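Take a look at the structure set out below.
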Amino acid sequence: MSIKKSAVLGALLAASLSSAYAVDWSDTYVGYRYGTTFAEPFNKNDIAKNIFNLNHVNGYKYGTNFLNADILLSDKKDPDGVGSTTGAQEIYIVYRHTLDLGKVFSTPETFKFGPVRGVGLTAGFDYNLKDDAGYNSKKQMLVAGPTVMFDVPGFLNVSLLQLWESNAPYNGFTKTKTDRYDYDPHPMLNAAWGIPFSVGPVKLSFEGFANFIASKGKNEFGGNTKPETNIDAQIMYDASSLLGAKPRTFKVGLEYQYWRNKFGNDHTKAAGDGAFAKTPMLRAEYHF
Numbered sequence: 016m017s018i019k020k021s022a023v024l025g026a027l028l029a030a031s032l033s034s035a036y037a038v039d040w041s042d043t044y045v046g047y048r049y050g051t052t053f054a055e056p057f058n059k060n061d062i063a064k065n066i067f068n069l070n071h072v073n074g075y076k077y078g079t080n081f082l083n084a085d086i087l088l089s090d091k092k093d094p095d096g097v098g099s100t101t102g103a104q105e106i107y108i109v110y111r112h113t114l115d116l117g118k119v120f121s122t123p124e125t126f127k128f129g130p131v132r133g134v135g136l137t138a139g140f141d142y143n144l145k146d147d148a149g150y151n152s153k154k155q156m157l158v159a160g161p162t163v164m165f166d167v168p169g170f171l172n173v174s175l176l177q178l179w180e181s182n183a184p185y186n187g188f189t190k191t192k193t194d195r196y197d198y199d200p201h202p203m204l205n206a207a208w209g210i211p212f213s214v215g216p217v218k219l220s221f222e223g224f225a226n227f228i229a230s231k232g233k234n235e236f237g238g239n240t241k242p243e244t245n246i247d248a249q250i251m252y253d254a255s256s257l258l259g260a261k262p263r264t265f266k267v268g269l270e271y272q273y274w275r276n277k278f279g280n281d282h283t284k285a286a287g288d289g290a291f292a293k294t295p296m297l298r299a300e301y302h303f
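Just so we're aligned, residue 16 is where the sequence shown starts under the numbering used here, counting upward by one.
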């Protein structure tokens, strides 16, 4: 499937989420972010990327839906083929559905304790395609597990998810195609948050996610994989009033990604510094 077709598929899925059933609330935005020190395993260069995304989240009677589709455009330091001077293109789609058990059983107080306001079950998938010189990822992953929802301003959800991941890469240097390969099922501890706060009259929010992922066994080529840590956090400013728009329409901010042992590659070995991303970014969102 081409990058363009996959992007259209993601957009259609996002639109269908809000029309399949009655939603209590929803938020959809298009976003852009840019950084110059992205990293890719086995690539020693700092890579600049323009990233465009479509994000949709909604809540309905029994839980929530989350969908994000990123289109990542690299500069020539991450080429789309051997000897190419054109940067790689990638699409990465994430979907999660969380059932709130208190709402399902109409007993919300049963699942409240201490700082916890609710307990849920989360399931979903990751899907990606990338055209690059060395790997050409075709990742497919299913996830499922329990979620704890904390009682904070905004939201803070912590999930323990089992991952079932596979890939079918193609190495442009050796012209070697690998049949779809299943990694060992492995767990991930995930936290996702969006917490508003103010500094004087300035309205801000602290948003992001953190994934702590166990080793997924052997990779496609027989090598050992490593546990990985992927933290992506941003401070966002609601700039809507500057444009005469209603609150939470236009947001800008700074984002930082910390990704150690990216995709399970050991950053102390052949994958090198490319498997240890430390990337500041500029970010903008338009909500509609």
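Where is the CB? At the ideal position from N, CA and C, for every residue including glycine.
Quick caveat: nothing in here was measured; it's all calculated off a predicted structure.
- Note on the stretch 94-182: whole beta strand (DSSP E) runs with a minimum of 3 residues are 104-115, 131-146, 155-165, 170-182, in chain order.
- The C-beta of Q177 has fewer than 16 other C-beta atoms within 10 Å across all chains shown, which makes the residue exposed.
- If you look at R275, you'll find it in the beta strand (DSSP E) that goes 265-275.
- By the Cβ-count criterion, S121 is exposed, with fewer than 16 other Cβ atoms from all chains shown falling within 10 Å of its own Cβ.
- Inclusion of P216 and S230 in the CB contact set at 8 Å is not warranted, their separation being larger than that value.
- Scanning its chain for C-beta atoms nearer than 6 Å, with the 5 sequence neighbours on each side dropped, one finds around M164 the residues R132, G133, N172, in chain order.
- Annotated three-state conformation of A286 is coil, per DSSP.
- Short of 7 Å from the beta carbon of V119, and not among the five residues preceding or following it, lie these beta carbons of its own chain, in chain order: Y77.
- For A248, the enclosing beta strand (DSSP E) has its first and last residue at 243-253.
- Classified as exposed, G98 has fewer than 16 neighbouring CB atoms from the shown chains inside 10 Å of its CB.
- G50 sits in a strand when the DSSP states are folded into three classes.
- Only residues of its own chain outside the window of five on either side were considered, and among them G169, F170, S220, E222 have a CB closer than 7 Å to the CB of G209, listed in chain order.
- DSSP, read as helix, strand or coil, puts S230 in coil.
- Each of G117, G268, L114 was checked against the Cα of S255, and the nearest Cα belongs to G268.
- In the three-state DSSP reduction, F303 falls in the coil class, being neither helix nor strand.
- The way I'd put it, the stretch 49-63 does touch the stretch 283-303; three or more beta-carbon pairs between them come closer than 8 Å.
- When DSSP states are grouped into helix, strand and coil, F236 belongs to the coil group.
- DSSP places F57 in the coil class of the three-state scheme, outside both helix and strand.
- Annotation: L258 to T43 spans about 19 Å, alpha carbon to alpha carbon.
- A straight line joining the alpha-carbon of G74 with that of A225 spans about 22 Å.
- Bounds of any beta strand (DSSP E) do not take in F188, whose DSSP letter is neither H nor E.
- The stretch 174-191 and the stretch 142-157 touch, with three or more beta-carbon pairs separated by less than 8 Å.
- The beta carbon of N280 lies closer than 6 Å to those of P56, A286, A290 in the same chain, with the five residues before and after it left out.
- Take D194, set aside five residues on each side of it, and the residues of its chain with a beta-carbon closer than 7 Å to its own are A183, in chain order.
- When the beta-carbon positions are compared, A54 and A248 stay at least 8 Å from each other.
- The beta carbons of P200 and W179 sit closer together than 8 Å.
- Straight through space, the alpha carbons of K218 and A260 are spaced by roughly 15 Å.
- For P211, the closest of L204, R263, P161, I246 by C-alpha to C-alpha distance is R263.
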